[in-house]
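There are 2 protein chains.
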Amino acid sequence: MSYLNQGGFVMKIITQSLASDSAAYLQGYLRQGDSATYPAMIIVPGGSYTHIPEQQAEDLALAWSARGYQAFFLRYSFVAEKKPLLPAPVVELAQSVAVIRQNAAAWQIDADQINVAGFSVGGHIVALFNDLWHDAHINQLAGTRPEQVKPHAVILGYPVISPKLGFPTDQEMLASWTDDPNSIAADEHVNDRNVPTFIWVTAADPLVPVQNAMSYAQASLAHHVDTDLHVFHHGSHGLALANHVTAWKPGTSLPHVAHWLDLAEEWLNELD
Amino acid sequence: MSYLNQGGFVMKIITQSLASDSAAYLQGYLRQGDSATYPAMIIVPGGSYTHIPEQQAEDLALAWSARGYQAFFLRYSFVAEKKPLLPAPVVELAQSVAVIRQNAAAWQIDADQINVAGFSVGGHIVALFNDLWHDAHINQLAGTRPEQVKPHAVILGYPVISPKLGFPTDQEMLASWTDDPNSIAADEHVNDRNVPTFIWVTAADPLVPVQNAMSYAQASLAHHVDTDLHVFHHGSHGLALANHVTAWKPGTSLPHVAHWLDLAEEWLNELD
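Taken in sequence, the protein lines are chains U and H. Heads up, the first sequence is in the numbering used here, so the first residue is 1 and it goes up one at a time. Heads up, the second sequence is in the numbering used here, so the first residue is 273 and it goes up one at a time.
The following block contains the structure:
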């Protein structure tokens, strides 16, 4: 797979495990063959904490690669592997940022520009990580220090935010996530140390109510976090790029919604 | 002023008064010379209820004209002319929709596609009108029936929504607007008959807090009104087109924010 038909400019695909006691790993799509450094984007896909859609995760990573990012997706732990699951995926995301920062020079990455984009329950992981990257317990579990795991900015697509806001409705599912629902209500843990946050969602989302995104955005605005929010009227849950690349049924390629990617890239370019 | 260098395709600029007892009028920028019918857009400009910026109002109208709309701006009554002022501008907006609908054939307008876009306090007028277009008292004051004044859709740019949300802070100013602040809290009067609503604002707005737009959007979503919401992180109050045409000081031409016009047009095209 090459961007330019020249020797050396060949994408390198890597797999990086995170800890000996988990199935989590990072898959990276690295530009190489020049001397440039690039910002990084870690995709944290959805999948109801039971699986991840790997093809969609790769498509999201490649979309950022095409915009000049060193792109990754995180295969985090699932409920079948740890019960209750949380905060394991949050810890694995912290480890992901740390390992990318540690390898920044080798992977041609600007260590100050490590961004994270989460979708659906991946948005839940990222929203919690945004609230907790400096948390002592999370860093203890990750074996990291806050300065190693601080992200530059986060993007949340149709995020799950709080079990109090309509998802999940299944109490057994919630019990597999946590035995302390308050601890995973991401809107209730937003604080002044949250990093710039871009949120997009569809008002019509039939699975995860739009109130999840709205409530997190309200908390971000209240804490004067740099916030960009885009609520598109139409569209189902799980739209990913909302274009033909990731369309998975009729009505999931929506040009209006697909603007989120341009808007997010532009917003990132306006941050310090 | 002509769109095409052909006989007949010459914009006609009209001025339409609304009632013998007010200074309010509509200024229209009408495409003509063909047999097409067009949707309409009524711009309701800002100006703190003391004046309107006529150049900016015209620039906003021309932007919609260029996108194939029969465009108008409303010069509504000001506090120096009526005290307390409200609901006079809301009544004048109702009269505006009625007069456009009445003249739809002559003005080459689709009577089912009369849209309204309000900015700052103009957004307050439009938000209240969206809540109250079917209200008996408003229609009595306007001399209209609800079916004559129902808009197709509304656009709110950096709207003032409620005096409880940080603007105005001056109690004398508020007293010049109304002697019943609850009656002008537009977020508290949203109902199931509100029409599709597009809202945009900047999170950093130093004059009218972003909470105004957020609160109206929350109410619209709660009532299952078709809602599109765009909160852009940077930018001051009163950006209008947010491009060089309406820039009024350094930092008021902002390409990220200027997307609101494309997004709004696209959203309108997706409505029934």
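Don't be surprised by glycine CBs; every beta carbon is placed ideally from N, CA and C.
Check your understanding: Quick one, which of H:D451, H:E538, H:D442 and H:G510 has its alpha-carbon nearest H234 (chain U)'s?
Key -> H:E538
**Study point:** Where W267 (chain U) meets chain H, residues with beta-carbon distance less than 7 angstroms
**Key:** H505 and H528
**Study point:** Distance CB(P159 (chain U))-CB(N115 (chain U)) smaller than 8 angstroms
**Key:** no
Check your understanding: So, does the CB of D192 (chain U) fall closer than 8 angstroms to a CB anywhere in chain H?
Key -> no
Practice item. Any chance you could list the beta strand (DSSP E) runs of at least 3 consecutive residues sitting entirely within the segment 60-104 of chain U, in chain order? Key: 70-75
Practice item. Check whether the Cβ atoms of L85 (chain U) and V44 (chain U) sit closer than 8 angstroms, and answer yes or no. Key: no
Review point. For V212 (chain U), does the count of other Cβ atoms within 10 angstroms reach 16, so buried, or fall short, so exposed?
Key: Note that residue 212 (chain U) corresponds to Asn in the displayed sequence, not to Val. Classification for N212 (chain U): buried.
**Study point:** Given L413 (chain H) as reference, the closest of H:N402, H:V363, H:I286 and H:A519 once Cα atoms are compared
**Key:** H:V363
Check your understanding: Mind checking R417 (chain H): buried by the 16 CB within 10 Å criterion, or exposed?
Key -> exposed
Review point. Can you list the residues of chain H that N147 (chain U) reaches, using a CB-CB cut of under 9 angstroms?
Key: It should be noted that the sequence gives Glu, not Asn, for residue 147 (chain U). Per Cβ cutoff of 9 angstroms: no residues; E147 (chain U) is ~25 angstroms from chain H at best.
Point to revise | Residue-chain proximity (H230 (chain U), chain H), Cβ-Cβ < 8 angstroms | key: yes
Practice item. Would you list, in chain order, the members of the segment 484-495 of chain H that have their beta-carbon closer than 9 angstroms to a beta-carbon of chain U? Key: M486, A489, Q490, S492, L493 and A494
**Study point:** Span of the beta strand (DSSP E) around G28 (chain U)
**Key:** Y25 to L30
Review point. Between the segment 479-495 of chain H and the segment 456-470 of chain H, do three or more beta carbon pairs fall short of 8 angstroms?
Key: yes
Check your understanding: To which residues of the same chain is L276 (chain H) closer than 8 angstroms at the C-beta, ignoring the five residues directly before and after it?
Key -> Residue placement at L276 (chain H) is poorly supported in this model, since its pLDDT is 48, which falls under 50; the coordinates still yield a value, given next. Within the same chain, L276 (chain H) has no close Cβ partners at all.
Exercise for review: Note down, in chain order, every chain H residue with its Cβ under 7 angstroms from the Cβ of L128 (chain U).
Suggested key: Those do not exist, as L128 (chain U) stays about 22 angstroms from chain H at its closest Cβ, beyond 7 angstroms.
Review point. Counting along the chain, where does the beta strand (DSSP E) carrying A40 (chain U) start and finish?
Key: Y38 to V44
Exercise for review: Could you work out which residues of chain U lie near A366 (chain H), taking near to mean beta carbons separated by less than 7 angstroms?
Suggested key: None at all; the shortest Cβ gap to chain U is about 25 angstroms.
Point to revise | Boundaries (first-last residue) of the alpha helix (DSSP H) holding H124 (chain U) | key: V121 to L132
Check your understanding: If you drop the 5 nearest sequence neighbours on each side, which residues of the same chain put their C-beta closer than 7 angstroms to that of A36 (chain U)?
Key -> Q108
Point to revise | Local conformation of N466 (chain H) per DSSP, three classes | key: coil
Exercise for review: Within 10 angstroms of the Cβ of D135 (chain U), are there 16 or more other Cβ atoms? Answer buried if so, exposed if not.
Suggested key: buried
Practice item. Can you tell me which of the three DSSP states E542 (chain H) falls into? Key: helix
Practice item. Rank U:I138, U:N269, U:S162 and U:A117 by C-alpha distance to the C-alpha of N41 (chain U) and give the top, closest one. Key: Correcting the residue identity first, residue 41 (chain U) is Met in this sequence and not Asn. Residue U:A117 is the option with its Cα nearest to M41 (chain U).
Practice item. Give the straight-line distance between the Cα atoms of A19 (chain U) and L263 (chain U), rounded to the nearest whole angstrom. Key: 35 angstroms
Practice item. Could you tell me which of H:H509, H:N402, H:L332 and H:P481 sits nearest to I577 (chain H), measuring between CA atoms? Key: Lying outside 273 to 544, the shown extent of chain H, residue 577 (chain H) is not represented and no answer is given.
**Study point:** Host beta strand (DSSP E) of Q16 (chain U) (start-end)
**Key:** K12 to S17
Check your understanding: If you compare alpha carbons, which of H:K355, H:S349, H:D306 and H:Y310 is closest to M445 (chain H)?
Key -> H:K355
Check your understanding: Cβ of H219 (chain H) less than 8 angstroms from any chain U Cβ?
Key -> Outside the shown range of chain H (273 to 544) lies residue 219 (chain H), about which nothing can therefore be said.
Check your understanding: Who are the near neighbours of T474 (chain H) in its chain, counting only those whose CB is closer than 6 angstroms to its CB and skipping five residues on each side?
Key -> F504 and G507
Check your understanding: In the structure shown, what three-state DSSP assignment does L479 (chain H) receive?
Key -> coil
Check your understanding: Of the choices H:G394, H:I427, H:F350 and H:A352, whose alpha-carbon is the least far from that of D498 (chain H)?
Key -> H:I427
Review point. If you check the beta carbons only, do T50 (chain U) and A80 (chain U) fall under 8 angstroms apart?
Key: yes
**Study point:** Inter-residue Cα distance where the pair is V369 (chain H) and V210 (chain U)
**Key:** 32 angstroms
Review point. Tell me which same chain residues have a C-beta within less than 7 angstroms of the C-beta of L254 (chain U), skipping the five on either side of it?
Key: H234, G235, L239 and A242
Exercise for review: Compare the C-alpha of I471 (chain H) against each of H:G394, H:D442 and H:T524 and name the closest.
Suggested key: H:G394
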